[in-house]
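Residues are numbered in this note's numbering as their position in the sequence shown, beginning at 1, plus a constant of 3. We put the beta carbon where it would ideally sit given N, CA and C, even for glycine. Here is the structure we will look at, set down as C-alpha cells.
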Amino acid sequence: MCFVLHACSITEMWDQVRVDHGREFFLTLYMQEINSDKRVDTSRASYRQTQSKKNLRAERFWPEVNSRVNYPIKTALLQLVNSDELIMEDEITKFCVSSFAIQLCRIGTQRCVESWNAHTIPGVGSPIALAQNAPVVSSNITENDFPDAETAANMYAFDNNRQI
Numbered sequence: 004m005c006f007v008l009h010a011c012s013i014t015e016m017w018d019q020v021r022v023d024h025g026r027e028f029f030l031t032l033y034m035q036e037i038n039s040d041k042r043v044d045t046s047r048a049s050y051r052q053t054q055s056k057k058n059l060r061a062e063r064f065w066p067e068v069n070s071r072v073n074y075p076i077k078t079a080l081l082q083l084v085n086s087d088e089l090i091m092e093d094e095i096t097k098f099c100v101s102s103f104a105i106q107l108c109r110i111g112t113q114r115c116v117e118s119w120n121a122h123t124i125p126g127v128g129s130p131i132a133l134a135q136n137a138p139v140v141s142s143n144i145t146e147n148d149f150p151d152a153e154t155a156a157n158m159y160a161f162d163n164n165r166q167i
C-alpha cells in the first residue's frame with residue numbers, strides 16, 4: 004500500500020489510467036474518480052484508451068507476469084484435473100485449491116516484479132535506482148485514499164447499488 008502511495012506521489016500516475024478496451028478496470032477507475040480532487044492535471048481525461056502495444060512499458064509487463072506466473076500455475080492445475088489427480092467437484096477442494104493458487108500467484112508476482120525492477124534499462128538504469136533518485140512531487144494523497152481491494156469493492160457496490 005505504501006509503495007502505491009509513494010509511486011503516485013512521485014510520478015503523478017494517478018492523473019490518467021490507460022485502458023485497452025474502454026472501462027474494463029472499473030474498480031481502478033472508480034477509485035480514481037473518488038480521488039479526482041487530488042489529480043494534478045484535471046484538464047486531461049482521467050483515463051485514456053490505447054492499444055496494448057502503445058501502453059507504457061510498465062503496463063506491458065502484465066503479459067510477462069502471465070507467462071511467468073499465471074499460465075504455468077493454470078497449466079499445472081489443468082494437468083492435475085485432466086489426469087484425475089485433482090478432483091474439483093466439492094466446494095472445500097475448490098476453496099483450498101483456489102486459496103493455494105492465489106498464494107502461489109502472489110509469490111510468483113512478487114518475484115517477477117522484483118526481477119523487473121532490478122533489471123537494467125540500457126542508458127537509463129534500473130527502475131529501483133530511478134525511483135530512489137526521482138524528485139518527490141508534492142501531493143495531498145494519503146494512505147487512507149487507497150483502501151484495500153475488498154473495501155474498495157464494497158464502496159463501489161454500495162455506490163452503484165450492486166451486489167458483489
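Is DSSP giving residue i helix, strand or coil here?
i    : result
G128 : strand
V72  : helix
R42  : coil
I105 : helix
P66  : helix
M187 : Outside the shown range of the chain (4 to 167) lies residue 187, about which nothing can therefore be said.
N163 : coil
D148 : helix
W119 : helix
N143 : coil
M91  : coil
F28  : coil
R114 : helix
A134 : helix
My understanding is that residue i touches residue j, with C-beta atoms under 8 Å, so please give their C-beta distance in whole angstroms.
i   : j    : result
S46 : Q19  : In fact, because the Cβ distance is near 11 Å, the residues do not count as touching under 8 Å.
C41 : I124 : Per the sequence shown, the amino acid found at residue 41 is Lys instead of Cys. With 8 Å as the limit, K41 and I124 do not qualify as a contact, their Cβ atoms being about 29 Å apart.
Leaving aside the five residues before and after residue i along the sequence, list all residues of the same chain whose C-beta is less than 6 Å from its C-beta, in chain order.
i    : result
N120 : P130, I131
M34  : A155
To which residues of the same chain is residue i closer than 8 Å at the C-beta, ignoring the five residues directly before and after it?
i    : result
I76  : A104, L107, C108, G111
W65  : none
A152 : L30
Looking only at DSSP bridge pairs, what is residue i linked to?
i   : result
Y50 : V20
Using a threshold of 8 Å, state whether the C-beta atoms of residue i and residue j are closer than that.
i   : j    : result
L81 : V100 : no
N38 : D162 : no
Ignore the nearest five residues each way along the sequence and tell me which others in residue i's own chain have a CB closer than 7 Å to its CB.
i    : result
V68  : T112, C115
F28  : V20, V22
V72  : C108, G111, T112, C115
M178 : The first residue shown for the chain is 4 and the last is 167, placing residue 178 beyond what the model contains.
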